[in-house]
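In the working numbering, the protein residues as written are 6 to 502.
Down below is the structure, laid out as structure tokens.
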Ligand SMILES: [Zn+2]
């Protein structure tokens, strides 16, 4: 994550990014129109929906009590389901009164060490339980479990959906949520078209980590033809319209860079905090995407126009989830692409981009004993080592194709093939799709060189070859440098799309 040309932008890793990933920030132009979100009235008749036999997938009906004290959940599971049930790590103590329906009667299932053995589920079953959501949020405070946000509670559905621990890939996990009167629910999990308040995920790995969800008094809006959903958490902003236009213009910039919305729907959860600045952000994916971001309640458009954090987070949605070992690619890409998105949209100057890179790219250089980006967890290599990987790749692609292709073409191809944060890809697939799009195997070579092992990089030589240096009163360009054509194409204000 990181920052461009803003002194106040931290270059520190907040270390707070949950499984999927991260960033925060701004807007460039004028406010544009927003459309009202679909209302979320309380729903009735869940019992009727559940009464039908369900043959495929896991189906849940969730009823939230006022202030989300308690979630009353009923679930049904098809024949062949595994017998051992649990919830996401940290949610176990808050699962209460688990019962299974056998022969028309409900009987209690005792839990043991955070697991519930429900033998009846081998032939298909219906269960019910309570989840003490508010207690979980008050006690945990971990965003991967549950956290209080004002009077709202943010908690991924994977925390409170009791499920078979072992499931084959591709099982449908569908849940319907009934909010308390005057309250609503929002989540990054994809909604089911035509079925109100219902969302669906597909299992991808044994560990199910779903995007953020939030319960409470929310104000919701749909922007940019539904590709961006916004939920404002309790609290107030001096100017709410400014918040919406900032989100919309940030999304437009990102969509322009990628040539399309990176994901069909992203949920932005905005939490008002004290002050007038943009705070930290984080992003979670898997069967959808949700960005959590803190914004000062007194934030003005001039401040938001300089923000980089939201763009950074949105860029995270444009890459499939890769393994923890490759987090440097997720963070490095967001760090590298964020200023490119903004400069191409005309939101910042070319000099600002080079100035930041010259000032900070050295954080990504390998130190003594480094064994490549795959083998580090430190902030410098993760954010700036990953960014350096992207910069060197971009330069090489442009150099070898005479500026015909760039890293952007690789990234666009990945997104075009459905490679966004809602799915998990192996890094080899990311590389293959990217390299095919640019016609040169640069990502493969770079990955072998910098990902798997340590590789020395001569940054001063790179800047000299590109023809850029920091002078006494700012950035100085040298058009006689050998790679000056690459430099000009690489950072080009107003170049999008
Ligand atoms: Zn990030």
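All residues carry an ideal CB built from backbone N, CA and C; glycine is no exception.
Taking 6 Å as the limit between beta carbons, can you name the residues of its chain near residue i, skipping five residues before and five after?
| i | result |
| --- | --- |
| residue 64 | 81 and 179 |
| residue 483 | 472 |
| residue 93 | 163 and 164 |
| residue 499 | 351 |
| residue 276 | 154, 238 and 299 |
| residue 129 | 83 and 84 |
| residue 124 | 88 |
| residue 331 | 432 |
Go ahead and label residue i buried or exposed: buried means 16 or more other beta carbons lie within 10 angstroms of its beta carbon, across all protein chains shown.
| i | result |
| --- | --- |
| residue 376 | exposed |
| residue 175 | exposed |
| residue 122 | exposed |
| residue 291 | buried |
| residue 487 | exposed |
| residue 457 | exposed |
| residue 387 | buried |
| residue 359 | buried |
| residue 4 | Here the chain comprises residues numbered 6 to 502, so residue 4 is not present and cannot be evaluated. |
| residue 365 | buried |
| residue 495 | buried |
| residue 111 | exposed |
| residue 328 | exposed |
| residue 481 | exposed |
| residue 312 | buried |
| residue 61 | exposed |
| residue 504 | Residue coverage of the chain in this structure runs from 6 to 502, which leaves residue 504 outside it and unanswerable. |
| residue 466 | exposed |
| residue 100 | buried |
| residue 492 | buried |
| residue 159 | buried |
| residue 20 | The predicted model places residue 20 with a pLDDT of 32, which falls under 50 and marks its position as unreliable; any figure quoted below should be read in that light. Exposed, by the Cβ-count rule. |
Going by the C-beta, is residue i closer than 7 Å to any heavy atom of ligand 1?
| i | result |
| --- | --- |
| residue 514 | Nothing about residue 514 can be reported from this structure: the residues present for the chain run from 6 to 502 only. |
| residue 140 | no |
| residue 144 | no |
| residue 171 | no |
| residue 321 | yes |
| residue 392 | no |
| residue 336 | yes |
| residue 339 | yes |
| residue 331 | no |
| residue 317 | yes |
Taking only heavy atoms of ligand 3 into account, decide whether any of them is closer than 7 Å to the Cβ of residue i.
| i | result |
| --- | --- |
| residue 368 | With respect to small molecules bound, the structure shown includes ligand 1 and not ligand 3. |
Does residue i come out as helix, strand or coil in the three-state DSSP assignment?
| i | result |
| --- | --- |
| residue 277 | strand |
| residue 77 | strand |
| residue 332 | helix |
| residue 134 | strand |
| residue 189 | strand |
| residue 109 | coil |
| residue 38 | Residue placement at residue 38 cannot be trusted, given a pLDDT of 31 that sits under 50; what the coordinates show is reported in the next sentence. Residue 38: coil per DSSP, three-state reduction. |
| residue 406 | coil |
| residue 242 | coil |
| residue 498 | coil |
| residue 464 | helix |
| residue 422 | coil |
| residue 178 | strand |
| residue 55 | A caution first: residue 55 carries a pLDDT of 43, below 50, which makes its placement in the model unreliable, though a value can still be read off. Note: residue 55 maps to helix in three-state DSSP. |
| residue 172 | coil |
| residue 145 | helix |
| residue 271 | strand |
| residue 95 | coil |
| residue 451 | helix |
| residue 397 | helix |
| residue 294 | strand |
Counting only beta-carbon separations shorter than 8 Å, does residue i have a partner in chain C?
| i | result |
| --- | --- |
| residue 261 | Absence of chain C from the displayed structure is noted, only one protein chain being present. |
Who are the near neighbours of residue i in its chain, counting only those whose CB is closer than 8 Å to its CB and skipping five residues on each side?
| i | result |
| --- | --- |
| residue 171 | 87, 89 and 211 |
| residue 479 | 356 and 360 |
| residue 132 | 79, 80, 81, 82, 90, 103, 104, 105, 106, 114, 123, 126 and 167 |
| residue 245 | 224 and 237 |
Given residue i, which residues of its chain have a CB within under 7 Å of its CB, disregarding the five upstream and five downstream residues?
| i | result |
| --- | --- |
| residue 268 | 294, 322, 425, 426 and 427 |
| residue 102 | 134 and 135 |
| residue 197 | 179, 203, 204 and 205 |
| residue 344 | 9, 353, 358 and 361 |
- Contact between the segment 441-450 and the segment 391-410 (3+ Cβ pairs under 8 Å): yes
- Message: Counting beta carbon pairs with one atom in the segment 304-314 and one in the segment 250-266, are three or more of them shorter than 8 Å?
- Response: yes
- So does the segment 183-197 actually touch the segment 408-422, counting three or more Cβ pairs closer than 8 Å? no
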